[in-house]
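**Q**
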Amino acid sequence: MRKKKTNHAVFSFVWPGTLCCFHCGDTYKVSLPCSLEIAHAITKAFGKEHKGCKESERGRGLRKEHESDYEKYKKKEEGKDDPVSDQTSG
Ligand SMILES: [Zn+2]
Numbered sequence: 113m114r115k116k117k118t119n120h121a122v123f124s125f126v127w128p129g130t131l132c133c134f135h136c137g138d139t140y141k142v143s144l145p146c147s148l149e150i151a152h153a154i155t156k157a158f159g160k161e162h163k164g165c166k167e168s169e170r171g172r173g174l175r176k177e178h179e180s181d182y183e184k185y186k187k188k189e190e191g192k193d194d195p196v197s198d199q200t201s202g
């Protein structure tokens, strides 16, 4: 089985404008409003940084706090085909 690196970083709907990593529990506050392009770039960069991060207690706490968000995130990871297809470049 191929081991793929997953992206743990998602935009929190609980804390507007905050990026969360459901793995290590790190957060990053984005100053809003910002353009979608900026938001996308930040999400991408944050996700890249967290590709190899270590799971921690903090991450588990974060997942609990964002339970419904995390469900969506998990579904996305499992299904992989988004109805709203995002152009993957690179
Ligand atoms: Zn992380």
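Under this note's numbering, think of the first position of the sequence shown as 113, with each following residue one higher.
We put the beta carbon where it would ideally sit given N, CA and C, even for glycine.
1. Jot down the residue ranges of each uninterrupted alpha helix (DSSP H) in the region 133 to 188, minimum 4 residues, whole runs only, in chain order.
2. Under the DSSP definition of a beta bridge, which residues are partnered with Val126?
3. Suppose the cutoff is 7 Å on Cβ atoms and the five residues either side in sequence are ignored; what does the same chain contact list for Glu169 look like?
4. At a threshold of 7 Å, does His120 count as lining ligand 1 (C-beta to nearest heavy atom)?
5. I need the straight-line Cα distance from Thr139 to Glu149, nearest angstrom please.
**A** Looking at the atomic coordinates:
1. 148 to 161 and 169 to 177
2. According to DSSP, Val126 bridges with nothing at all.
3. none
4. yes
5. 20 Å
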